[in-house]
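Since the structure comes first, as structure tokens, the remarks are kept for the end.
There are 2 protein chains.
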Amino acid sequence: MARASEIAYEALRAEILSWELVPGSVLAEVELSSRLGISRTPVREALARLVGDGLAEPLGGRGLVVSPVSAENVTELFELRQALEAQAAALAAERRDAARFVALQNEFREVPLLLADPDPGRHAYYDLVARFDDAVDQAVQNPFLVSALNAVRTHLVRIRRLSHDNPARLLEAAREHLLIVDAIVDGDPRLAADATRVHLYRSLRSTLGSLVAQSDVEHDDHPIPTLITTTKDATTR
Amino acid sequence: MARASEIAYEALRAEILSWELVPGSVLAEVELSSRLGISRTPVREALARLVGDGLAEPLGGRGLVVSPVSAENVTELFELRQALEAQAAALAAERRDAARFVALQNEFREVPLLLADPDPGRHAYYDLVARFDDAVDQAVQNPFLVSALNAVRTHLVRIRRLSHDNPARLLEAAREHLLIVDAIVDGDPRLAADATRVHLYRSLRSTLGSLVAQSDVEHDDHPIPTLITTTKDATTR
DNA sequence: GGCATCCGTTGTGTATACAGAGTGACCGTG
DNA sequence: CACGGTCACTCTGTATACACAACGGATGCC
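These protein sequence lines are chains P and L, in that order. Residue numbering for the first sequence follows the working numbering, starting at 255 and increasing by one per position. Residue numbering for the second sequence follows the working numbering, starting at 255 and increasing by one per position.
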């Protein structure tokens, strides 16, 4: 059995990323320690790591809450993401193992067949993107860059629960990804970076559109101000 | 009086950045708690934050050490830094408060006069660069990007102690910075990003040259393998 | 009836005590 | 003399107990 603090961190992180703990939820140490069946000490360590990840933040100097998610957050996050992923794609194009990306190339070409079935194909596509990200991480050979990318991806997981990509968008995204993979296979850093920026620009536009739409729906049905807020400051550390 | 864990974190962080704690130093909880005059609990919290910052790392699963610094680290760090600072400069060019950067422009123009006195001018120049960084941070209005930049700058502080910039390099750097400021004042994002990449490329070359030279000196005088290592893995989180 | 103050409760921050595991040294044997 | 085993020590990980500060409610005064 691993350390209790590690278990607590993984559990809380998973609950936050899966929206079981919605933004704004209070993270009380005693409540969590009793719920997780461990003492307060490892819970404190887990909470400190969550604050470091930007998933939790202090609330008025007393207590912690799950950090909010807003449209401003998404735009700001994508500005960072664009810089990181464009650099990663460029470096991957220079240092890649060609065979591995040729294999990914073939997989991305078959995504339209994959998405014929709407729901199982969705997850298969997300798995493929995850494998692409792993391949890029290994190709760049840069712990600093990979660490920063993983931090961004953590926040993206929460956002993905907000914006439900429609099948048409997924097909577009697959074509955009394929272009990135092509550039990496060709060893063209400039094109890889530019194709990445194109993909992320369209992805952001799609995400924001989905956010606004869902925000309106929520507003009509039952107002949940904690889900989509217009808070401008989400301190990430 | 602030929290003891905060004091411990700031103290240890300062000692690591100032090379009072050299890379490879063991960070034992009991020793630190007695030295800092506090109990182990806040020390543990401080150490956890240092690991999160990448300033400390586990050693073989038992105990923590101050993370090493190597030439590979510097190159990798600059690959991340280039992506972040180029993006920050571009966004700053779009969103800047023109007056503030015009003031910086005048200051950078007078750096040659400043560096007439070698030693006091050095610190005055570093202060100017710090104010420039602050101005960029405020201009970009992006907590995620600023947070990532601060993480990189933390590591740069340690590296700066290794590579002593010579006056000629500082003059060059000032000219390069001035070009970045010019681009930001002109509201030219593309030029701001490109000028930033030029500056960082030359800065990296200078740093690496200084590193190798100092490494040789150290090797001749008294070998300190912990200072300049060829370790390829520096886990940053 | 409204507002201010006081007290109780709750929750964080810190200290200390305990358990388990790994490492090192020392002793015994081949 | 060398190698292996065992014991003890030291370290981290966890639990618990205590102190202080803040928030909320209730009560008394204006």
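Just so it is clear, CB atoms sit at the ideal spot from N, CA and C, and this is done for glycine as well.
Item	Value
Under 8 Å between C-beta atoms of Phe-355(P) and Ala-384(P)	no
Continuous alpha helix (DSSP H) stretch holding Ala-310(L): start and end	Counting along the chain, Ala-310(L) falls outside any alpha helix (DSSP H), though it belongs to the beta strand (DSSP E) covering 310 to 312.
Cβ shell of Ile-434(P) (< 7 Å), same chain only, five flanking positions each side left out	Ala-343, Ala-446, Ala-449, Thr-450, His-453
Straight-line Cα distance separating Glu-330(P) from Asn-396(L)	6 Å
C-beta atoms of Val-320(P) and Pro-277(P) nearer than 8 Å	yes
CB contact check: Glu-333(L) to chain P, cutoff 8 Å	yes
Residue span of the alpha helix (DSSP H) that contains Leu-271(P), given as start and end	258 to 271
CB contact below 8 Å: Arg-303(P) versus chain L	yes
Beta-carbon spacing of Leu-358(L), Phe-386(L) below 8 Å	yes
Option in Ala-353(L), Gly-463(L), Leu-369(L), Arg-407(L) with minimal Cα separation from Gly-441(L)	Ala-353(L)
Closest by C-alpha distance to Leu-458(P), when choosing among Leu-286(P), Leu-334(P), Pro-296(P)	Leu-334(P)
Under the three-state DSSP convention, the category Leu-318(P) falls into	strand
Neighbourhood of Val-411(L) by C-beta, 7 Å cutoff - its chain only, sequence neighbours within 5 removed	Leu-271
Continuous alpha helix (DSSP H) stretch holding Asn-360(L): start and end	352 to 363
Within chain P, the residues that Gln-392(L) reaches when beta carbons sit closer than 8 Å	In chain order: nothing, as chain P lies at least about 13 Å away.
Distance between beta carbons of Leu-275(P) and Pro-366(P), contact taken as under 8 Å	No, Pro-366(P) and Leu-275(P) are not in contact; Cβ-Cβ is about 37 Å, not under 8 Å.
Beta-carbon proximity check, Leu-403(P) vs Leu-338(P), cutoff 8 Å	yes
Short CB-CB distance (under 8 Å) between Pro-443(P) and chain L	no
Residue-chain proximity (Ala-389(P), chain L), Cβ-Cβ < 8 Å	no
Where Val-452(P) sits in the DSSP three-state scheme	helix
Where the alpha helix (DSSP H) through Asn-327(P) begins and ends	325 to 349
Neighbour list for Asn-526(P) in chain L, Cβ cutoff strictly below 9 Å	Since the first residue of chain P shown is 255 and the last is 491, residue 526(P) is not available in this structure.
Below-8 Å beta-carbon distance, Ala-337(P) vs any chain L residue	yes
Three CB pairs or more closer than 8 Å across the stretch 258 to 272 of chain L and the stretch 289 to 305 of chain L	yes
Neighbour flag for Gly-291(P) against chain L, beta carbons, 8 Å	no
Residue from Ala-265(P), Glu-285(P), Ala-325(P), Asp-436(P) whose Cα sits closest to the Cα of Ser-417(P)	Ala-325(P)
Residue-chain proximity (Ala-437(P), chain L), Cβ-Cβ < 8 Å	no
Sequence-distant residues of its chain with Cβ nearer than 8 Å to Glu-283(L) (five each side left out)	Arg-294, Val-297, Arg-298, Leu-301
Rounded separation between Asn-360(L) and Ala-265(P) - CA only	53 Å
Interface partners of Ala-402(L) on chain P, CB under 9 Å	Leu-334, Ala-337, Leu-338, Ala-402, Ala-405, Val-406, Thr-490
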